[in-house]
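A.B. asks: Dropping a structure here in structure tokens format, bear with me for questions.
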Amino acid sequence: MGRIRITGGIPLDGEVRIQGSKNAALPIMAAALLNRGTTVLKGCPRIADVFLMEKILQGLGARTRWRKDTLEICARDLDNCMADRELGEKMRSSIVLMGSLLGRCGEGILPFPGGCVIGARPIDLHLEALERLGAEFKEEKGCLRGKTRGLHGGEIFFPRSSVGATQNAVLGAVCARGTTVIRGGSAEPEVSWLCRFLNQAGGQIRGIGTSCLVIQGVSGLHDTVFQIPPDRIAAGTYVCASAITRGKGILLDPPAGEMGALLSAYEKIGGQYMYKSGKLFLCSQRAFAPLRRLETGIYPGFPTDLQSIFLAALTCARGESLIIENIFEDRFKVVPQLQKMGAQITLDGQAARIRGGRLSGALVKAQELRGGAALVVAGLGAEGETCVENREFIERGYEDISRDLNCLGAKTQKD
Numbered sequence: 001m002g003r004i005r006i007t008g009g010i011p012l013d014g015e016v017r018i019q020g021s022k023n024a025a026l027p028i029m030a031a032a033l034l035n036r037g038t039t040v041l042k043g044c045p046r047i048a049d050v051f052l053m054e055k056i057l058q059g060l061g062a063r064t065r066w067r068k069d070t071l072e073i074c075a076r077d078l079d080n081c082m083a084d085r086e087l088g089e090k091m092r093s094s095i096v097l098m099g100s101l102l103g104r105c106g107e108g109i110l111p112f113p114g115g116c117v118i119g120a121r122p123i124d125l126h127l128e129a130l131e132r133l134g135a136e137f138k139e140e141k142g143c144l145r146g147k148t149r150g151l152h153g154g155e156i157f158f159p160r161s162s163v164g165a166t167q168n169a170v171l172g173a174v175c176a177r178g179t180t181v182i183r184g185g186s187a188e189p190e191v192s193w194l195c196r197f198l199n200q201a202g203g204q205i206r207g208i209g210t211s212c213l214v215i216q217g218v219s220g221l222h223d224t225v226f227q228i229p230p231d232r233i234a235a236g237t238y239v240c241a242s243a244i245t246r247g248k249g250i251l252l253d254p255p256a257g258e259m260g261a262l263l264s265a266y267e268k269i270g271g272q273y274m275y276k277s278g279k280l281f282l283c284s285q286r287a288f289a290p291l292r293r294l295e296t297g298i299y300p301g302f303p304t305d306l307q308s309i310f311l312a313a314l315t316c317a318r319g320e321s322l323i324i325e326n327i328f329e330d331r332f333k334v335v336p337q338l339q340k341m342g343a344q345i346t347l348d349g350q351a352a353r354i355r356g357g358r359l360s361g362a363l364v365k366a367q368e369l370r371g372g373a374a375l376v377v378a379g380l381g382a383e384g385e386t387c388v389e390n391r392e393f394i395e396r397g398y399e400d401i402s403r404d405l406n407c408l409g410a411k412t413q414k415d
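For what it's worth, full-length UniProt numbering labels the leading residue of the sequence shown as 1, then goes sequentially.
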């Protein structure tokens, strides 16, 4: 198991370019299966989850090629509708392949998806949405089989917001016969980016950026070159790193327009920032105030993917903070590891009370992606050296968190 060693107590002051978005790249890779030709994705993050999705696509018959950070996907000769079980079980995002496989092949066989252990993440909304478009599902030998005699337009209503289910519905509808109307869908940026990609490839989707999408099915998609957007969660991680070290920093090409909730919280704890000419200038040298109340929520609310990372930063604030998690019931899995470093955190259901103080370096273990990043951030603010084990969890979403933090002036190394 790999490790990341962090020397704490060094105020950050440097600049780093933000990688491509993990949460945008994965569904767009799935969407490439709907094009019987070549899709070129520029700025694609070279991370473990993308490599895993690439292997799944290869197993379905797609050919792929990397040119630095550009990924080419040729799905002309797709010859399989069954995803590799071992690979699919490792990644939650594999479920978005169902909409594409049904649209391309009329059938899709997927293992029940895995990924981070952060609580129950049912797929009922995915299946109900695709059933409205003419799909049928059954369980076979531990796998999910979807079949259709041809997808058609339909009315879909989501009783609760779901990013993945909305993406699956969009993927199923874009090449279906007729018109699909999706209401109550997720308006998260990663849904909007998927829709923009599909429109650039010949889709007809209206209402992008809202909870109501109207999709006129097309006969097929065409080749396109698409720029993967920068990763708002990676950018938010480095904002938290600046905060906990009372440092500064410049983020190059961050998606500042998608970071409103995070930047608002950053200001409330004393951070200052300026966005100019594609650069986000950070200054965290003012007194680090606590945050009276922070709740995660659907976009444009505070993202659950940044909750544990911001929590780590608040362990060094001067006073008591409160975080309420509204999305996943097990997002506080990182708390016992932070407590090993001296963090004063009390849990009460979906609420965490954090009394700021000093952290000390310790040996801790990443158990999932964002919790692992939170431990690295905590290590930056701790006294002495912190060693984070199981760095492979972190590498699911960050190209090289050590490289990036070192560009910002930190002292970290991978073992």
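Idealized CB from N, CA, C, for every residue including glycine. As the structure is a computational prediction, the values presented were derived from the model and not from experiment.
Using the rule of at least 16 other Cβ atoms within 10 Å of the residue's Cβ for burial, across every protein chain shown, is Phe157 buried or exposed?
C.D. replies: exposed
A.B. asks: Just the Cα atoms here: how many angstroms apart are Leu251 and Phe328?
C.D. replies: Distance between the alpha carbons of Leu251 and Phe328 is about 29 Å.
A.B. asks: Less than 8 Å between the C-beta atoms of Ile6 and Thr386, yes or no?
C.D. replies: Yes.
A.B. asks: Can you name the start and end residues of the alpha helix (DSSP H) that Lys22 belongs to?
C.D. replies: Lys22 to Ala31
A.B. asks: Would Ala289 and Gly319 qualify as a contact pair, given that the criterion is a beta-carbon distance under 8 Å?
C.D. replies: yes
A.B. asks: Below 8 Å between beta carbons: does that hold for Thr412 and Ile4?
C.D. replies: For Thr412 and Ile4, yes; Cβs fall inside 8 Å.
A.B. asks: Tell me which same chain residues have a C-beta within less than 8 Å of the C-beta of Gly119, skipping the five on either side of it?
C.D. replies: Any reading at Gly119 needs caution, since the residue's pLDDT is 44, under 50, leaving its predicted position unreliable; the model's value is listed next. Same-chain partners within the cutoff: Phe328, Glu329, Asp330 and Arg331.
A.B. asks: Quick check: the region 217-226 against the region 354-373, are there 3 or more CB pairs under 8 Å?
C.D. replies: no
A.B. asks: Under DSSP, the alpha helix (DSSP H) around Ser308 begins and ends at which residues?
C.D. replies: Gln307 to Leu314
A.B. asks: Can you find the residues in the same chain that come closer than 6 Å, C-beta to C-beta, to Arg145, ignoring five residues on each side of it along the sequence?
C.D. replies: Answer for Arg145: Ile109 and Lys138, listed in chain order.
A.B. asks: Given this structure, state the Cα-to-Cα distance separating Pro27 from Val16, to the nearest angstrom.
C.D. replies: Cα-Cα distance, rounded: 26 Å.
A.B. asks: Do you know offhand how far Arg46's Cα is from Ile56's?
C.D. replies: 15 Å
A.B. asks: The alpha helix (DSSP H) that contains Ile233, what's its start and end?
C.D. replies: Secondary structure note for Ile233: its alpha helix (DSSP H) is the uninterrupted segment Arg232 to Ile244.
A.B. asks: Under 8 Å between the Cβ atoms of Leu291 and Ala265?
C.D. replies: yes
A.B. asks: Between Arg202 and Leu34, what straight-line distance do the alpha-carbon atoms span, to the nearest angstrom?
C.D. replies: With the sequence shown as reference, residue 202 is identified as Gly, and Arg is not the correct amino acid for it. Going from the Cα of Gly202 to the Cα of Leu34 covers about 11 Å.
A.B. asks: Gly106 and Leu171 - do their beta-carbons sit closer together than 8 Å?
C.D. replies: No. Outside cutoff.
A.B. asks: Assign Cys116 to one of two classes, buried (16 or more other C-beta atoms within 10 Å of its C-beta) or exposed (fewer than that).
C.D. replies: Note that Cys116 scores 41 on pLDDT, short of 50, meaning its location in the model is unreliable and no value can be drawn from it.
A.B. asks: Leaving out five residues before and five after Lys147 in sequence, what residues of the same chain have Cβ atoms less than 6 Å from its Cβ?
C.D. replies: Glu107 and Glu136
A.B. asks: Taking only three categories from DSSP, how would you classify Val218?
C.D. replies: coil
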